[in-house]
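In this note's numbering, the protein residues as written are -9 to 247. From the three backbone atoms N, C-alpha and C, an ideal C-beta is built for every residue, glycine too. In this text, all values refer to a predicted model and were calculated from it rather than measured experimentally. To keep things clear, I will list the structure first and then write my remarks on it.
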């Protein structure tokens, strides 16, 4: 099994993530969560690693707040897009780019970080748990960990309500796989067990796209994307909606020892 590299999909990847209503939802939920995590530090200046951060959407937002950010990605084309966006910034941002698999990152060469982001990466990894265990060696004591992953139960439920029963019975393995369909979706309980094993204090959990992916295609004539985003924010931490979110954001803190 190999990890996914998005070198050939930069344009489609960027448009699918942030160029659509579902992208607005992702940005709104994640940015709310990240701001709350930052507030626990007294909003001091942090050294942040964006592991597998693509073209650096959150890297740049965090750098605009004055934080020092290291953006790493396996895709050279993603990092070229990140550099293009950095060059367009009106003021220089403290963002360093590293072309590397996150498995190759080392505290010996990079030091440790006050905060690590790893968003929509683990579902593409052949061995997610081992990779994340190694990544956490770069997190300083009392450091913050932001992990967003693709929820296997959302994949299953969406298939069920679409009548794709053969796909469900086949273990969610399609005959013809979409290039943007994750290889290894994860269960919430599994990732929570990792947090417990790593002795991370869980700071919070949110669902990303708890409504959007299940909406009727016949929308009201007065349908508002702005209102949809507001409703997503409102229900993102409520059950049973959270457990069926397309992505789940789990937030943790490393012990101070």
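Exercise for the section: Look at the Cβ atom of residue 71, then the Cβ atom of residue 48, and state whether they are nearer than 8 Å. Expected result: As a working note, residue 71 is residue 81 in the chain shown. As a working note, residue 48 is residue 58 in the chain shown. For residue 71 and residue 48, no; Cβs fall outside 8 Å.
Handout entry: 8 Å Cβ cutoff met for residue 11 and residue 215
Key = The residue labelled residue 11 in the question sits at position 21 within the chain shown. The residue labelled residue 215 in the question sits at position 225 within the chain shown. Yes, they are a contact pair.
Exercise for the section: Under 8 Å by Cβ, that's how I've got residue 239 and residue 136 pegged, so tell me the actual separation to the nearest angstrom. Expected result: Position 249 of the chain shown, counting from 1, holds the residue named residue 239. Position 146 of the chain shown, counting from 1, holds the residue named residue 136. So it is a contact: roughly 7 Å between Cβ atoms.
Exercise for the section: May I ask you to report which of helix, strand or coil DSSP gives residue 14? Expected result: Position 24 of the chain shown, counting from 1, holds the residue named residue 14. Three-state DSSP puts residue 14 in a helix.
Handout entry: Local conformation of residue 135 per DSSP, three classes
Key = The residue labelled residue 135 in the question sits at position 145 within the chain shown. In the structure shown, residue 135 sits in a strand (DSSP, three-state: E or B).
Exercise for the section: Mind the definition here: the region 182 to 192 touches the region 22 to 32 only if three or more C-beta pairs lie below 8 Å; say whether that holds. Expected result: Taking a cut-off of 8 Å for Cβ pairs, the region 182 to 192 and the region 22 to 32 do not touch, as fewer than three such pairs fall below it.
Handout entry: First and last residue of the uninterrupted beta strand (DSSP E) at residue 177
Key = Here residue 177 corresponds to residue number 187 of the chain shown, with the count starting at 1. First-last for residue 177: undefined, no H or E at that position.
Exercise for the section: May I have a chain-ordered list of the alpha helix (DSSP H) segments no shorter than 4 residues that lie completely inside the region 51 to 100? Expected result: 66 to 78 and 97 to 100
Practice task
Give the DSSP-derived three-state secondary structure of residue 30 in the structure shown.
Solution key: To locate residue 30, count along the chain shown from 1; it is residue 40. When DSSP states are grouped into helix, strand and coil, residue 30 belongs to the coil group.
Problem - Ordered list of alpha helix (DSSP H) runs contained in the region 111 to 135, each at least 4 residues - result: Counting only runs of 4 or more, we get 118 to 125.
Handout entry: Per DSSP, the bridge partner or partners of residue 185
Key = Taking the chain shown and counting its residues from 1, the one referred to as residue 185 is at position 195. Paired residue(s): none; residue 185 is not in a bridge.
Handout entry: For residue 16, the nearest candidate out of 138, 156, 119 and 103 (CA to CA)
Key = Sequence index remark: in the chain shown, residue 16 carries index 26 (1-based). Considering only alpha carbons, the answer is 138.
Exercise for the section: Please name the residue in 9, 54 and 247 whose C-alpha comes closest to that of residue 131. Expected result: Position 141 of the chain shown holds residue 131. It is 247 whose Cα lies nearest to the Cα of residue 131.
Exercise for the section: Just the C-alpha distance for residue 65 and residue 221, rounded to the nearest angstrom, thanks. Expected result: Within the chain shown, numbered from 1, the residue matching residue 65 stands at position 75. Within the chain shown, numbered from 1, the residue matching residue 221 stands at position 231. Distance between the alpha carbons of residue 65 and residue 221: 34 Å.
Handout entry: Opposing strand residues paired with residue 37 [DSSP bridges]
Key = Stepping through the chain shown from its first residue, residue 37 is reached at position 47. DSSP, once it has assigned bridges, lists 58 as partnering residue 37.
Problem - Buried/exposed call for residue 103, threshold 16 Cβ in 10 Å - result: Translated into the one-based positions of the chain shown, residue 103 becomes position 113. The residue is buried, with at least 16 neighbouring Cβ atoms inside 10 Å.
Practice task
For residue 175, count neighbouring Cβ atoms within 10 angstroms of its own Cβ and tell me buried if that reaches 16, exposed if not.
Solution key: The count along the chain shown starts at 1 and reaches residue 175 at position 185. Counting Cβ neighbours within 10 Å, residue 175 comes out buried, since at least 16 surround it.
Practice task
Could you please give me the residues that DSSP links to residue 198 through a beta bridge?
Solution key: Within the chain shown, residue 198 is the residue found at index 208, counting from 1. According to DSSP, which records beta bridges pairwise, residue 198 is partnered with 237.
Problem - Outcome for residue 197 when other beta-carbon atoms lying within 10 angstroms are tallied against a minimum of 16 - result: Here residue 197 corresponds to residue number 207 of the chain shown, with the count starting at 1. Classification for residue 197: buried.
Exercise for the section: Assign residue 127 to one of two classes, buried (16 or more other C-beta atoms within 10 Å of its C-beta) or exposed (fewer than that). Expected result: The sequence position of residue 127 within the chain shown is 137, counting from 1. By the neighbour-count rule (16 or more Cβ atoms within 10 Å), residue 127 is not buried but exposed.
Exercise for the section: Out of 208, 242 and 19, point me to the one whose CA is closest to residue 133's CA. Expected result: Numbered from its first residue, the chain shown carries residue 133 at position 143. The residue with the shortest Cα to Cα distance from residue 133 is 242.
Exercise for the section: Measure the C-alpha to C-alpha separation of residue 99 and residue 85 and round it to an integer number of angstroms. Expected result: On the chain shown, residue 99 is found 109 positions in, with the first residue counted as 1. On the chain shown, residue 85 is found 95 positions in, with the first residue counted as 1. Approximately 17 Å between the Cα atoms of the pair.
Exercise for the section: Give the DSSP bridge partners of residue 249, in chain order. Expected result: Outside the displayed span of the chain (-9 to 247) sits residue 249, for which this structure offers no information.
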